[in-house]
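Chains D and E supply the protein sequences, listed in that same order.
Under the working numbering, the first residue of the first sequence is numbered 81, with each subsequent residue one higher.
Under the working numbering, the first residue of the second sequence is numbered 81, with each subsequent residue one higher.
We put the CB at the ideal spot given by N, CA and C, even for glycine.
Okay, so here's the structure we're looking at.
There are 2 protein chains.
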Amino acid sequence: MSSAKSPWTLSARAAKMNPSVIREILKVTERPGIISFAGGLPSAKTFPVAEFEAACAKVLRDDPSGALQYAASEGYAPLREMVAANLTQQASEQGQHWDVNPSQVLITTGSQQGLDLVAKILVDQGSRVLVESPTYLGAVMAFTPMEPEVVSVESDEEGIDLADLRDKARGARFLYTLPNFQNPTGRTMSEARRAALSKASGELGLPLMEDNPYGDLWFDTPPPASLTARNPEGGIYLGSFSKVLAPGLRMGFIVAPQAVYPKLLQAKQAADLHSPGFNQRMIYEVMQDGFLDRHVPTIRALYKSQRDAMLQALAEHFPDAATQPEQSLTWNTPAGGMFLWARLPAGMNAVNLLPHAVDKGVAFVPGAPFYASQADERSMRLSFVTPSVEEIRRGVAALASAIKEQQGR
Amino acid sequence: MSSAKSPWTLSARAAKMNPSVIREILKVTERPGIISFAGGLPSAKTFPVAEFEAACAKVLRDDPSGALQYAASEGYAPLREMVAANLTQQASEQGQHWDVNPSQVLITTGSQQGLDLVAKILVDQGSRVLVESPTYLGAVMAFTPMEPEVVSVESDEEGIDLADLRDKARGARFLYTLPNFQNPTGRTMSEARRAALSKASGELGLPLMEDNPYGDLWFDTPPPASLTARNPEGGIYLGSFSKVLAPGLRMGFIVAPQAVYPKLLQAKQAADLHSPGFNQRMIYEVMQDGFLDRHVPTIRALYKSQRDAMLQALAEHFPDAATQPEQSLTWNTPAGGMFLWARLPAGMNAVNLLPHAVDKGVAFVPGAPFYASQADERSMRLSFVTPSVEEIRRGVAALASAIKEQQGR
């Protein structure tokens, strides 16, 4: 009945899409017994299971029809109000006046969906989109179906390079930036750089797309105020509940100015009608009575202790990092979040090292896939949140052993 | 700090996106006390609340880390296996051999998301996409950001017109069809038409995109076997849990051949990483032990009684429908689903009638927005599932009163 020839013609955009390199890498590392610094998985110890149980029961008892029926594409109104109030308060504590109105909040199916929606309304085929170097790979993957030209802006420990930004900003639809405890580098954009970037983006007429899934996970002091808070009409802010509550409910949000909100809403409606009303109510119920004010400090303390364990183990195994950085593994000291960024000795390549590390019982993610151009082949991302302190010590020892063996060849 | 000029440049695709006409219409009809035949909302009476409560508790007790953590983009393996087994069994009962493998199943955030993902991988700017006339408006809205040329194929009570299909198929990327109890018409494609369409699509090399959210809601006998079951390599099948369990969990699925599955998976990962693992487990738990075999018949019985009430009330208020169809409201008799398709007397216009009907206390959706071209301005969609039997009687009386008053002018 069917012709022998395949009837399917894939779109040009589909040809540009690729399986996540990291996903493929993670498959290799998912052998039992491997200590994984690779995944970006929050520690399951931090999931407030009892609170979710109570919230489930309450939602299904108090408002089953509301929670289980079709609902507004904007999201559950009380949750939108809570998000707006929390952001307004947080900005105020950080010295900024950002009066977020609930009408600016769009609830999304994880903040990942926010990337898809923003790309749909701002990116045409060939549109220039600026990203940090390196940047979150999942963002580039979300933009790709809209066929942008993704251009890397040079970045350092303080954030993106403003001279390079000015060179590349012409005609760009937006700059995608992850200023707090960035994925993959763990870097935080400094206050001076934020102020300068906010000023420059205003002058250049360059919208900012600020992605902030990790901002609450600071270890000693909160990061500087958000970029969007400094110029709300010139930015879109993406937030997430995945790192402070749990990723498995897939709940995030967008805060957008009136210039783009209606189109984002149309894109949202077309994409999945609305995010699950049940999940929105669960998140809302769990967040009652300032729950996050009690809960998030426990996550910070846990992750800080694990970061410290990793820093200590690295210092023990690589005592020459400061004095002979080209002959040693080197690394940064993230002030929060989930990731540390490390660099192999000169001449080494993280992709090539990975199978040897896995043989030794430890996994990481090579840094190269996170670069939209000019990858640093020596770089690697180490997550310190999934394994325990004891596993971190053993994992760093295994990594050091793999590096030294490779270095000796 | 910011320049006076707006920094935002919207994409060309965004300019093609529009707010849902129906959504705007529904806002008008959401006054308290209005009897609504407008919404496509399943009856909240059918939501298995107690079963969801038990499932919630079980999931969070037995596997909280699994349910709340990041997970595979394909979906929860036991749910994928259950979907595959159910479809295989259903096809067998309908006389078709369709051996659905779990590896072909992709869990989506409602079947609406399936429309977005399929459009991403199959539609380029200007690609021809064929739809029924009329068709599900939400599908056209999901395709629009990919900038297709949407072309209507003439359709009658039995399904799409094959001669018109052959005229329009050249170069089309796919035909989107909703063969069971279609939204908006309530029509079911006949067995003869399905057999002919399946043959023609094979000959034409035209992929079919079969959307089946309502297929389980038959009243007397199941509909004919699915189109995809007849030629699995030539079709993509979209399914939903929204009408048999609840829409508010936003759970649906795609079944796709190997020729397109990997690209759909990449599009899914980029769009929202994965659908909520918690919700997938809730659906899976509720469906244990053949729950749907007991539950769905209660939905069928309820909706059938409500359809019957609507048919009876229409017959009472419009006794001349058979003898003088141009001077009367006329309507079809859906064999399942949620919607009935009606047509106003000659010279009337459903959009113009709506405010008068709302004044009388009843709402419906005009049919015109469901046509991609050559709208029938006299058509309207009447949902019989949201109001009670008593409300249906009062609503039809109010509708008849509005029509007769307008007709008299």
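Residue from the options with nearest C-alpha to residue i
| i | options | result |
| --- | --- | --- |
| D/R310 | D/G218, D/S278, D/L167, D/D352 | D/S278 |
| E/V65 | E/P303, E/G319, E/N429, E/Y216 | Outside the displayed range of chain E (81 to 489) lies residue 65 of chain E, so it cannot be described from this structure. |
| E/T224 | E/Q205, E/E471, E/I240, E/T215 | E/Q205 |
| E/P99 | D/V231, D/E173, D/M162, D/L344 | D/L344 |
| E/T466 | E/L382, E/M460, E/Q487 | E/L382 |
| D/V203 | D/R93, D/V101, D/G155 | D/R93 |
| D/W178 | D/A347, D/L307, D/R423 | D/L307 |
| E/P158 | E/Y150, E/S183, E/E485 | E/S183 |
| E/E238 | E/R274, E/V211, E/D291, E/T410 | E/R274 |
| D/K141 | E/S322, E/F450, E/D244, E/P128 | Looking at the sequence itself, residue 141 of chain D is Arg, so the reference to Lys does not match. The shortest Cα separation from D/R141 among E/S322, E/F450, E/D244, E/P128 belongs to E/P128. |
| D/P213 | D/L424, D/P264, D/A199 | Residue 213 of chain D is actually Ser in this sequence, not Pro. When only C-alpha atoms are compared, the closest one is D/P264. |
| E/G447 | E/L424, E/P435, E/A326 | E/L424 |
| D/K323 | D/M418, D/L409, D/M362 | D/M418 |
| D/Q407 | D/K484, D/V101, D/F371 | D/K484 |
| D/E229 | D/Y216, D/L242, D/F254, D/A243 | D/F254 |
| E/D247 | E/L284, E/R267, E/A272 | E/L284 |
| D/M221 | D/I201, D/A452, D/L90 | D/A452 |
| D/T268 | D/T403, D/R330, D/W298 | D/W298 |
| E/S468 | E/M367, E/A199, E/K348, E/I115 | E/I115 |
Where residue i falls: helix, strand or coil (DSSP)
| i | result |
| --- | --- |
| D/P312 | helix |
| D/A443 | strand |
| D/R473 | helix |
| D/I115 | strand |
| D/R267 | coil |
| E/E154 | coil |
| E/S91 | coil |
| D/R38 | Summary: the structure shown does not reach residue 38 of chain D, with chain D confined to residues 81 through 489, and so no result is reported for it. |
| E/E490 | No information on residue 490 of chain E is available, as it lies outside the stretch 81 to 489 that chain E covers here. |
| D/S100 | coil |
| D/R160 | helix |
| D/S86 | coil |
| E/R458 | coil |
| D/S463 | strand |
| E/P259 | coil |
| E/R489 | coil |
Proximity test, Cβ basis, 7 Å: residue i and chain E
| i | result |
| --- | --- |
| D/P264 | no |
| D/I201 | yes |
| D/P87 | yes |
| D/Q346 | yes |
| D/R330 | yes |
| D/A339 | yes |
| D/M418 | no |
| D/V129 | yes |
| D/S82 | Only weak support exists for where D/S82 lies, its pLDDT of 43 falling under 50; the value from the coordinates is given anyway. It does; some Cβ of chain E falls within 7 Å. |
| D/L242 | no |
| D/L217 | no |
| D/M221 | yes |
Contact with chain D by residue i, beta-carbon distance below 7 Å
| i | result |
| --- | --- |
| E/R461 | no |
| E/G295 | no |
| E/D196 | yes |
| E/R253 | yes |
| E/N181 | no |
| E/T189 | yes |
| E/I483 | no |
| E/P158 | no |
| E/L90 | yes |
| E/P99 | yes |
| E/K343 | yes |
Practice task
Jot down the residue ranges of each uninterrupted alpha helix (DSSP H) in the segment 294-382 of chain E, minimum 4 residues, whole runs only, in chain order.
Solution key: Counting only runs of 4 or more residues that sit fully inside the segment 294-382 of chain E, the alpha helix (DSSP H) segments are 307-310, 341-352, 357-366, in chain order.
Handout entry: Cβ contact check for the segment 349-363 of chain E and the segment 188-203 of chain E: 3 or more pairs under 8 Å
Key = Yes, they touch.
Problem - Interfacial residues, the segment 302-318 of chain E to chain B, with Cβ spacing under 8 Å - result: No chain B appears in the structure shown, which is made up of the protein chains D and E.
Practice task
Run through the segment 175-257 of chain D for me and flag every whole beta strand (DSSP E) of 3 or more residues, listed as ranges in chain order.
Solution key: Segments of the beta strand (DSSP E) lying fully in the segment 175-257 of chain D: 185-188, 208-212, 229-233, 254-257.
Exercise for the section: Write down every uninterrupted run of the beta strand (DSSP E) in the segment 397-435 of chain D whose length is 3 residues or greater and which is fully enclosed by it, in chain order. Expected result: Counting only unbroken stretches of 3 or more residues, the beta strand (DSSP E) elements lying wholly within the segment 397-435 of chain D are 419-423, in sequence order.
Problem - Three CB pairs or more closer than 8 Å across the segment 476-483 of chain D and the segment 380-398 of chain D - result: Counting Cβ pairs under 8 Å, three or more are found: they touch.
Handout entry: At least three beta-carbon pairs within less than 8 Å, the segment 106-125 of chain D to the segment 434-450 of chain D
Key = Inter-segment contact for the segment 106-125 of chain D and the segment 434-450 of chain D is present: three or more beta-carbon pairs are separated by less than 8 Å.
Exercise for the section: Evaluate contact between the segment 136-151 of chain D and the segment 128-140 of chain E, counting only Cβ atoms and requiring at least three cross-stretch pairs below 8 Å. Expected result: As far as the Cβ criterion goes, the segment 136-151 of chain D touches the segment 128-140 of chain E, which means the pair count is three or higher.
Practice task
Would you check if the segment 374-381 of chain D and the segment 222-236 of chain D touch, i.e. whether three or more CB-CB distances between them fall below 8 Å?
Solution key: Between the segment 222-236 of chain D and the segment 374-381 of chain D there are fewer than three inter-stretch CB-CB distances shorter than 8 Å, so the stretches are not counted as touching.
Exercise for the section: Could you say if the segment 288-305 of chain E and the segment 256-263 of chain E meet the contact criterion of at least three C-beta pairs nearer than 8 Å? Expected result: Under the 8 Å Cβ criterion, the segment 288-305 of chain E counts as touching the segment 256-263 of chain E, having at least three qualifying pairs.
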